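Those sequence lines, one after another, are chains A and B. Going by this note's numbering, the first residue of the first sequence is number 1, and it counts up by one from there. Going by this note's numbering, the first residue of the second sequence is number 364, and it counts up by one from there. Here is the structure we will look at, set down as structure tokens.
Protein chains: 2
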Amino acid sequence: MRQVFAVVLAGGSGTRFWPASRRNAPKQLLAIGPSADLSLIGATVRRIEALCSKERTLVATGAHLVEATRRALPWLESKAFLGEPVARNTAACIGWATSIVARSDPDALVMVLPSDHHIGDEPAFHAALERALASAESAITTIGIEPSRPETGYGYIEAGEELAAGVRRVVRFVEKPDRARAESYLASGRHYWNSGMFFFRADEMLAAISEHLPELASGLERIERAAKAGGSAEQTETEAVFEALTSTSIDYGIMEKVAKLHVIPASFGWSDLGSWQSAWELSPKDEAGNSNTPDGILIDARSNLVRDLRTTGQSGRVIALVGVNDLCVVETDDALLVIPRDRAQDVRLIIEELARRGRRELL
Amino acid sequence: MRQVFAVVLAGGSGTRFWPASRRNAPKQLLAIGPSADLSLIGATVRRIEALCSKERTLVATGAHLVEATRRALPWLESKAFLGEPVARNTAACIGWATSIVARSDPDALVMVLPSDHHIGDEPAFHAALERALASAESAITTIGIEPSRPETGYGYIEAGEELAAGVRRVVRFVEKPDRARAESYLASGRHYWNSGMFFFRADEMLAAISEHLPELASGLERIERAAKAGGSAEQTETEAVFEALTSTSIDYGIMEKVAKLHVIPASFGWSDLGSWQSAWELSPKDEAGNSNTPDGILIDARSNLVRDLRTTGQSGRVIALVGVNDLCVVETDDALLVIPRDRAQDVRLIIEELARRGRRELL
Chain A
1 MRQVFAVVLA GGSGTRFWPA SRRNAPKQLL AIGPSADLSL IGATVRRIEA LCSKERTLVA
61 TGAHLVEATR RALPWLESKA FLGEPVARNT AACIGWATSI VARSDPDALV MVLPSDHHIG
121 DEPAFHAALE RALASAESAI TTIGIEPSRP ETGYGYIEAG EELAAGVRRV VRFVEKPDRA
181 RAESYLASGR HYWNSGMFFF RADEMLAAIS EHLPELASGL ERIERAAKAG GSAEQTETEA
241 VFEALTSTSI DYGIMEKVAK LHVIPASFGW SDLGSWQSAW ELSPKDEAGN SNTPDGILID
301 ARSNLVRDLR TTGQSGRVIA LVGVNDLCVV ETDDALLVIP RDRAQDVRLI IEELARRGRR
361 ELL
Chain B
364 MRQVFAVVLA GGSGTRFWPA SRRNAPKQLL AIGPSADLSL IGATVRRIEA LCSKERTLVA
424 TGAHLVEATR RALPWLESKA FLGEPVARNT AACIGWATSI VARSDPDALV MVLPSDHHIG
484 DEPAFHAALE RALASAESAI TTIGIEPSRP ETGYGYIEAG EELAAGVRRV VRFVEKPDRA
544 RAESYLASGR HYWNSGMFFF RADEMLAAIS EHLPELASGL ERIERAAKAG GSAEQTETEA
604 VFEALTSTSI DYGIMEKVAK LHVIPASFGW SDLGSWQSAW ELSPKDEAGN SNTPDGILID
664 ARSNLVRDLR TTGQSGRVIA LVGVNDLCVV ETDDALLVIP RDRAQDVRLI IEELARRGRR
724 ELL
């Protein structure tokens, strides 16, 4: 039985949950899911504990976020955290983490998981992961989410014949489609949303990198040589290698090029929690459709999201909404946001305006 | 030339500007007018300085509000403040203040002014006051505001023949009308809004009280006798008298009963600032009709009122509104309000709900 390692990807910058999300507090560190007590990354790591011991859980994030990420995962040891010196996209990050796993166990199975998604049905999720890990014995495997709408914001995976129960061959990875194509994907029964979850043998992934991303492969070899030298050589070499690397996604650099890939079609209440709108959709709501603060007062108000995320200031503060519907009202110590739910993506306009005004402390 | 005394009425409780206004911070103490630096009562007293020296300016308020009111008017001496032991409406308050004026100068002219209104055109206001003071030599005089809309929320004064330039006889005081009647008042050219401003000789008002409100007259006499006795007798007697008095408005108790009254028709940009909607109407606005905070960010947002009235917490905080129109967004240290401008009167529903929840600290 191979050992299973998890690589949790926590490099996201996440501006779509402003004012909660910031450069130094990206989405995965926030408790914006239905579980208001646990950060998304905390929920992600808790969710896989039954499948992967915490000693074999790695968390890859930007070097500047390592400290904040450790605070969100206090039960992990400090060696669990890999700080990328500079962001060079998922191929570099996954390649690096895989190389580190292989250093201690070249026969390991690795599962790569995003840190900022929501999973509604954990038993179904665990079943999919077990199937994916079994499939990964023979091919790099991904999980494809059964689409529920003609979403144009995600990449898709086209599946071919069934190779085993619940395991299909990957025909191709496809980029974010236009609306018409997304409609046809939804109707096809052959297309799944790309979940960003990958499962593979460490040696097989490193071989695929050698074949399809030789620049990355040679960089990882340089890091391994430096690691054997000991001292600060590894750190110095890692910085030099990352600095020089081209940014490439694992999808484009590996998945679209490897001939033999498996996909596990699955449906486990997945959401990428892409905006305050998603947060509202997933939250428990009162009979008027409001997701409210405990003390909030809502009068003639329907389908609003209200969040008080202040950490300082007066306790017992009240947020009162009268006669408004479908709004997001979100407070932090240094900002208040009011935006209709159906415009939640437009918080980016605020980010742009704050940048124009030089208000970097609010970004 | 008679001495002019001002009696500024500052007894309002004012819940319509919640969360800014509270039991202990009624509307007149707030800087909610276009002048964001000065409380409404501060603006009221400043506005009459040219007509009435500060030594002859009295401010009548509830005993529990005297301290807060003094802080809003630091340039007045402490003897300027009259604290009503309990609220017994305007007849008692005006009678009591007039009696105190008469104690030092029975020949004085008194002008009674509300403390929580907005005046847009000060020269026109001063002209109306001078006319009213001249008229008060011969009869109790009021100012009638030329109506600009069929308002059903105000009392009206029906005016008769012109007695002198800009001075008309009062035919009658009329209560708040229904819509049809308000329309006919607006069309009549004979009806004015009751401004709540009164001008009279102290001795004439005391005579009118003796005639029409004998209970109040005898109470005031008891207070005067106690004042002559010195020591704490006056305070004790004032408390006993107020406790026992019936609540009566000056309109009902005196104005509707005195045969000879004058009204000065006037138009000086008057507003009773009855709600956040009025505050928005009077405020300077950007080209999109927003009355915003200095640092606020408004994107695709029109005709909103935004107020940050926090006195503690983080400075440099940003309020960002995207894609919302015609809202009032008001923050204080302990509350946040979001309400459409056209429902601004409904903040009373929040007050009711807070009372139901026993959140007295927020009332």
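Note that the Cβ used here is the ideal one computed from N, Cα and C, for glycine as well. Quantities reported herein were computed from a predicted structural model and do not represent experimental measurements.
* Mind listing which residues of the region 4-31 of chain A have their C-beta closer than 9 Å to chain B's C-betas, in chain order? -> If the cut-off is 9 Å between Cβ atoms, the region 4-31 of chain A has W18, P19 near chain B.
* Quick one: which chain B residues come within Cβ less than 7 Å of P340 (chain A)? -> Here residue 340 (chain A) refers to the residue found at position 340 when the first sequence is read from its first residue. Result: G686, V687.
* Asked: Nearest to K386 (chain A) by alpha carbon, out of A:A108, A:S188, A:R172?
  -> Chain A is shown only over 1 to 363; residue 386 (chain A) falls outside these bounds and no answer can be derived.
* What three-state label does DSSP hand F380 (chain B) in the structure shown? -> One-based indexing of the second sequence puts residue 380 (chain B) at position 17. If DSSP states are grouped into helix, strand and coil, F380 (chain B) belongs with coil.
* To do: Please name the residue, chosen from B:F563, B:E521, B:R532, B:S573, that lies closest to Y548 (chain B) on a Cα-to-Cα basis.
  => Taking the first residue of the second sequence as 1, we reach residue 548 (chain B) at position 185. Nearest C-alpha to Y548 (chain B): B:E521.
* Can you check whether the CB of W633 (chain B) is closer than 8 Å to the CB of R704 (chain B)? -> For this step, residue 704 (chain B) is matched to residue 341 along the second sequence. For this step, residue 633 (chain B) is matched to residue 270 along the second sequence. No.
* Roughly how many whole angstroms lie between the Cα atoms of I319 (chain A) and T293 (chain A)? -> For the purposes of this step, residue 319 (chain A) is taken as residue 319 along the first sequence, with counting starting at 1. For the purposes of this step, residue 293 (chain A) is taken as residue 293 along the first sequence, with counting starting at 1. For I319 (chain A) and T293 (chain A), the distance between alpha carbons rounds to 8 Å.
* In angstroms with no decimal places, state the Cα-to-Cα distance between S498 (chain B) and S402 (chain B). => Indexing the second sequence from 1 puts residue 498 (chain B) at position 135. Indexing the second sequence from 1 puts residue 402 (chain B) at position 39. Cα to Cα, S498 (chain B) sits roughly 30 Å from S402 (chain B).
* Asked: According to DSSP, which residues form a beta bridge with V174 (chain A)?
  -> Counting from 1 along the first sequence, the entry for residue 174 (chain A) is found at position 174. Looking at the DSSP assignment, V174 (chain A) forms a beta bridge with A:Y156.
* Asked: Could one say the Cβ of A279 (chain A) lies closer than 8 Å to chain B's Cβ atoms, at least one of them?
  -> Start at 1 with the first residue of the first sequence, and residue 279 (chain A) comes out as number 279. Not one chain B Cβ lies under 8 Å of A279 (chain A).
* Asked: How about A128 (chain A) and I143 (chain A): do their beta carbons lie closer than 8 Å?
  -> Residue mapping note: residue 128 (chain A) aligns to position 128 of the first sequence, counting from 1. Residue mapping note: residue 143 (chain A) aligns to position 143 of the first sequence, counting from 1. Going by C-beta atoms, A128 (chain A) is nearer than 8 Å to I143 (chain A).
* Give every residue of the same chain whose Cβ lies closer than 6 Å to the Cβ of V687 (chain B), excluding the five residues on either side of it in the sequence, and list them in chain order. => Your numbering for residue 687 (chain B) matches position 324 in the second sequence. Once the five neighbours on either side are set aside, the close Cβ partners of V687 (chain B) are A664.
* Taking G637 (chain B) as the query, report the chain A residues whose CB atoms sit under 8 Å from its CB, ordered along the chain. => Along the second sequence, one-based indexing puts residue 637 (chain B) at 274. Simply none; closest approach about 17 Å.
* Would you check if the distance between the CB atom of Y615 (chain B) and the CB atom of W556 (chain B) is smaller than 8 Å? => As a working note, residue 615 (chain B) is residue 252 in the second sequence. As a working note, residue 556 (chain B) is residue 193 in the second sequence. Against a cut-off of 8 Å, the Cβ pair of W556 (chain B) and Y615 (chain B) comes out as no contact.
* To do: Tell me, to the nearest whole angstrom, how far the beta carbon of H480 (chain B) is from that of L636 (chain B); I am working on the premise that it is less than 8 Å.
  => To locate residue 480 (chain B), count along the second sequence from 1; it is residue 117. To locate residue 636 (chain B), count along the second sequence from 1; it is residue 273. Contact flag correct, Cβ pair sits at about 6 Å.
* Asked: Where in the region 204-261 of chain A do unbroken runs of the alpha helix (DSSP H), each at least 4 residues long, occur, reported from the N-terminal end onward?
  -> Taking 4 residues as the minimum length, the alpha helix (DSSP H) runs contained wholly in the region 204-261 of chain A are 214-229, 233-244, in order along the chain.
* To do: Verify the CB distance criterion: does L699 (chain B) have a CB-CB separation below 8 Å to chain A?
  => Taking the first residue of the second sequence as position 1, residue 699 (chain B) is located at position 336. Yes - at least one Cβ of chain A is within 8 Å of the one on L699 (chain B).
* To the nearest angstrom, how far is it from the Cα of C691 (chain B) to the Cα of V710 (chain B)? -> Looking up residue 691 (chain B) in the second sequence gives position 328. Looking up residue 710 (chain B) in the second sequence gives position 347. One C-alpha to the other measures close to 11 Å.
* Contact residues within the region 294-315 of chain A, judged by C-beta distance below 7 Å to chain B -> I297, I299, T312, G313, Q314
* **8 Å CB neighbourhood of L282 (chain A) in its chain, flanking five on each side removed** => As a working mapping, residue 282 (chain A) is identified with position 282 in the first sequence. Only G33, P34, H118, G120, S271, L273 meet the Cβ criterion.
* Asked: Quick one: complete beta strand (DSSP E) runs, 3+ long, within the region 15-70 of chain A?
  -> 57-62
* beta strand (DSSP E) runs contained entirely in the region 628-675 of chain B, provided each spans 3 or more residues -> 660-662, 668-671
* Asked: Taking the alpha-carbon positions, what's the G446 (chain B) to E67 (chain A) distance?
  -> Taking the second sequence and counting its residues from 1, one reaches residue 446 (chain B) at position 83. Taking the first sequence and counting its residues from 1, one reaches residue 67 (chain A) at position 67. Computed Cα separation, rounded: 59 Å.
* To do: Report yes if the CB atom of T69 (chain A) is closer than 8 Å to the CB atom of F81 (chain A), and no otherwise.
  => Here residue 69 (chain A) refers to the residue found at position 69 when the first sequence is read from its first residue. Here residue 81 (chain A) refers to the residue found at position 81 when the first sequence is read from its first residue. Contact flag set, yes.
* To do: Kindly say whether D696 (chain B), judged by its beta-carbon, lies nearer than 8 Å to any beta-carbon of chain A.
  => Translated into positions along the second sequence, residue 696 (chain B) becomes position 333. Yes - at least one Cβ of chain A is within 8 Å of the one on D696 (chain B).
* Asked: Going along the chain, which residues of its own chain have a beta-carbon closer than 6 Å to the beta-carbon of A369 (chain B), five neighbours each way excluded?
  -> Locating residue 369 (chain B) in the second sequence gives position 6, where the first residue counts as 1. Cβ within range, chain order: I411, C415, T420, M474.
* From the DSSP output, in three-state form, read off H489 (chain B) for me. => What you label residue 489 (chain B) is simply residue 126 of the second sequence in a count that begins at 1. Helix.
* To do: Would you list the residues sitting across from T141 (chain A) in a DSSP beta bridge?
  => Counted from its first residue, the first sequence places residue 141 (chain A) at position 141. Note: T141 (chain A) sits in a beta bridge opposite A:F199, A:H262.
* Asked: Apart from the five residues just before and just after A426 (chain B), which ones in its own chain have a Cβ nearer than 7 Å to its Cβ?
  -> Here residue 426 (chain B) corresponds to residue number 63 of the second sequence, with the count starting at 1. Cβ neighbours of A426 (chain B) beyond the five flanking positions: G446, E447, P448.
* Asked: Nearest chain B C-beta to R317 (chain A) closer than 8 Å, yes or no?
  -> Within the first sequence, residue 317 (chain A) is the residue found at index 317, counting from 1. Yes, R317 (chain A) lies at the interface with chain B (some Cβ there is under 8 Å from its Cβ).
* In the DSSP assignment, find the alpha helix (DSSP H) that holds E546 (chain B) and state where it starts and stops. => For the purposes of this step, residue 546 (chain B) is taken as residue 183 along the second sequence, with counting starting at 1. Where E546 (chain B) is concerned, the enclosing alpha helix (DSSP H) stretches over 542-551.
* Asked: Whose C-beta lies closer than 7 Å to the C-beta of E237 (chain A) among residues of the same chain, with five residues either side of it excluded?
  -> Mapped onto the first sequence, residue 237 (chain A) falls at position 237. Closer than 7 Å at the Cβ level, and outside the excluded window around E237 (chain A), lie R222, I223, A226.
* **Cutoff 6 Å; reference V666 (chain B); Cβ partners in own chain excluding five residues on either side** => Locating residue 666 (chain B) in the second sequence gives position 303, where the first residue counts as 1. One point to set straight first is that residue 666 (chain B) is Ser, not Val, in the sequence displayed. Result list for S666 (chain B): G652, N688, D689, in chain order.
* With a cut-off of 8 Å, does the C-beta of D649 (chain B) fall near any C-beta of chain A? -> Start at 1 with the first residue of the second sequence, and residue 649 (chain B) comes out as number 286. Closer than 8 Å: no.
* To do: Please name the residue, chosen from A:A10, A:A108, A:G95, that lies closest to M1 (chain A) on a Cα-to-Cα basis.
  => In the first sequence, the residue the question calls residue 1 (chain A) occupies position 1. Selected option, being the one with the closest Cα: A:A108.
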